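Enquirer: These protein sequence lines are chains H and A, in that order. The opening position of the first sequence corresponds to residue 1 in full-length UniProt numbering, with each subsequent residue numbered one higher. The opening position of the second sequence corresponds to residue 1 in full-length UniProt numbering, with each subsequent residue numbered one higher. Glycine is no exception: its CB is placed at the ideal position from the N, C-alpha and C atoms. A quick note: this is a predicted structure, and the numbers were derived from the prediction, not measured. Have a look at this one before I ask anything.
Number of protein chains: 2
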Amino acid sequence: MSNSTRCAACRFLRRRCRQDCVLAPYFPPTNPQRFAYVHKVFGASKITELLKQLPVHLRYDAAECMSIEAASRARDPVYGCVGVISQLQQQIIDVQSELVKIKGKLAVHNAQQQLQLEDGERASEQ
Amino acid sequence: MSNSTRCAACRFLRRRCRQDCVLAPYFPPTNPQRFAYVHKVFGASKITELLKQLPVHLRYDAAECMSIEAASRARDPVYGCVGVISQLQQQIIDVQSELVKIKGKLAVHNAQQQLQLEDGERASEQ
Chain H
1 MSNSTRCAAC RFLRRRCRQD CVLAPYFPPT NPQRFAYVHK VFGASKITEL LKQLPVHLRY
61 DAAECMSIEA ASRARDPVYG CVGVISQLQQ QIIDVQSELV KIKGKLAVHN AQQQLQLEDG
121 ERASEQ
Chain A
1 MSNSTRCAAC RFLRRRCRQD CVLAPYFPPT NPQRFAYVHK VFGASKITEL LKQLPVHLRY
61 DAAECMSIEA ASRARDPVYG CVGVISQLQQ QIIDVQSELV KIKGKLAVHN AQQQLQLEDG
121 ERASEQ
């Protein structure tokens, strides 16, 4: 492949991009930052190794997820993706807690309505 | 450090564990699997590089988060931590959707109660 059509990985690593380059389909030259992040976190050999271990139809998703993980660590070098997981877990706890409160209010309303119905029935019997 | 007290990283990499080993405080010899996962995903040089870039008081959390990320990828080589994030996001959507439904029910109950109150007031005026 000529210099102008090298994938982002081969361009970053300043090497020739071979026809059978494992990284080329997932790191196009149009998005050099994507490979730069992934390289900084995992390194080219680990990405290549991981992709090679997977069937071809799963490699796009794996490269995408590694890019997301790497971008998370670039944003947050201490917690990375795990920081996002913690925030989401907290958000679930908050929404579940609100749900429990609202369900409680609804149960009170239902009980009041039941009492009113029974009062109405008793009044009509008298 | 003698062979028996080498950290998990130095034992894994079959090297001498120096007094100033950057990895030793976070990869004790008692948990060799933890380093094995992290090494498989990030590689020893990337872990060392990332830890060295951080202030010492943040390194424990960073090593912990890299271990969690690496264990996630060992469980799920395609999606890793990003798979966990997707599941949590779906869980939030589900709980929020349930919350909207329950709030709707509560609003109906409140409206009914308001109507009953108004009916009662009208009846007592007549």
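1) The alpha helix (DSSP H) spanning residue 43 of chain H covers which residue range?
2) Measuring straight from C-alpha to C-alpha, what distance separates residue 53 of chain H and residue 109 of chain A?
3) Between the stretch 91-119 of chain H and chain A, which residues of the former have CB atoms less than 9 Å from a CB of the latter, in chain order?
4) Between which two residues does the alpha helix (DSSP H) holding residue 78 of chain A run?
5) Nearest CA to the CA of residue 66 of chain H: which residue from H:46, H:91, H:106 and H:12?
6) By the 10 Å Cβ neighbour count, where 16 or more other Cβ atoms means buried, how is residue 82 of chain H classified, buried or exposed?
7) The alpha helix (DSSP H) that contains residue 10 of chain H, what's its start and end?
8) Could you check what DSSP says for residue 28 of chain H in three-state terms: helix, strand or coil?
9) With a threshold of 16 other CB atoms inside 10 Å of the CB of residue 72 of chain H, please say whether the residue is buried or exposed.
10) Under the assumption that residue 8 of chain H contacts residue 28 of chain H (Cβ atoms under 8 Å), give the Cβ distance between them as a whole number of angstroms.
11) In chain A, which residues lie less than 9 Å from residue 38 of chain H when you measure between Cβ atoms?
12) For residue 52 of chain H and chain A, any beta-carbon pair shorter than 8 Å?
13) Put residue 1 of chain A into one of helix, strand or coil per three-state DSSP.
14) My assumption, with CB atoms under 8 Å, is that residue 64 of chain A sits in contact with residue 80 of chain A. Please give the rounded CB distance.
15) Pick from H:39, H:31, H:106 and H:114: whose alpha carbon is nearest that of residue 49 of chain A?
16) Can you tell me whether residue 117 of chain H is buried or exposed, with buried defined as 16 or more other CB within 10 angstroms of its CB?
17) Using the beta-carbon of each residue, which ones in chain H are nearer than 8 Å to residue 21 of chain A?
18) Label residue 62 of chain H either buried or exposed according to how many other C-beta atoms from any shown protein chain fall within 10 Å of its C-beta, with 16 as the threshold for buried.
19) Taking C-beta to C-beta, are residue 106 of chain A and residue 106 of chain H nearer than 8 Å?
Expert: The structure says:
1) On the first sequence, position 43 is the one that residue 43 of chain H refers to. Where residue 43 of chain H is concerned, there is no enclosing alpha helix (DSSP H), given that its DSSP letter is neither H nor E.
2) The count along the first sequence starts at 1 and reaches residue 53 of chain H at position 53. The count along the second sequence starts at 1 and reaches residue 109 of chain A at position 109. Whole-angstrom Cα-Cα distance: 57 Å.
3) 91, 92, 95, 96, 98, 99, 102, 103, 105, 106, 109, 110, 112, 113 and 116
4) As a position in the second sequence, residue 78 of chain A is number 78, starting the count at 1. No alpha helix (DSSP H) holds residue 78 of chain A; DSSP gives it neither H nor E.
5) Here residue 66 of chain H is taken as the residue at index 66 of the first sequence, counted from 1. Minimum Cα distance to residue 66 of chain H is reached at H:46.
6) Stepping through the first sequence from its first residue, residue 82 of chain H is reached at position 82. Buried, by the Cβ-count rule.
7) As a position in the first sequence, residue 10 of chain H is number 10, starting the count at 1. Here the alpha helix (DSSP H) through residue 10 of chain H covers 8-12.
8) Walking along the first sequence from the start, residue 28 of chain H turns up at place 28. Here residue 28 of chain H sits in coil by DSSP.
9) The count along the first sequence starts at 1 and reaches residue 72 of chain H at position 72. Burial call: buried.
10) In the first sequence, residue 8 of chain H corresponds to position 8, counting from 1. In the first sequence, residue 28 of chain H corresponds to position 28, counting from 1. Between residue 28 of chain H and residue 8 of chain H the Cβ distance is about 6 Å, and since that is below 8 Å, they are a contact.
11) Start at 1 with the first residue of the first sequence, and residue 38 of chain H comes out as number 38. What residue 38 of chain H touches in chain A: nothing, since even the nearest Cβ is about 11 Å away.
12) What you label residue 52 of chain H is simply residue 52 of the first sequence in a count that begins at 1. So no, residue 52 of chain H is outside the interface.
13) For the purposes of this step, residue 1 of chain A is identified with residue 1 of the second sequence, where counting begins at 1. Per-residue confidence for residue 1 of chain A stands at a pLDDT of 48, beneath the threshold of 50, marking its modelled position as unreliable; the derived number appears in the next sentence. Here residue 1 of chain A sits in coil by DSSP.
14) Residue mapping note: residue 64 of chain A aligns to position 64 of the second sequence, counting from 1. Residue mapping note: residue 80 of chain A aligns to position 80 of the second sequence, counting from 1. Their Cβ separation, rounded to whole angstroms, is 16 Å, which puts residue 64 of chain A and residue 80 of chain A out of contact at 8 Å.
15) Mapped onto the second sequence, residue 49 of chain A falls at position 49. It is H:39 whose Cα lies nearest to the Cα of residue 49 of chain A.
16) Along the first sequence, one-based indexing puts residue 117 of chain H at 117. Exposed, by the Cβ-count rule.
17) Your numbering for residue 21 of chain A matches position 21 in the second sequence. Those do not exist, as residue 21 of chain A stays about 20 Å from chain H at its closest Cβ, beyond 8 Å.
18) Residue 62 of chain H sits at position 62 when you count from the first residue of the first sequence. Buried, by the Cβ-count rule.
19) Taking the first residue of the second sequence as position 1, residue 106 of chain A is located at position 106. Taking the first residue of the first sequence as position 1, residue 106 of chain H is located at position 106. Closer than 8 Å, so yes.
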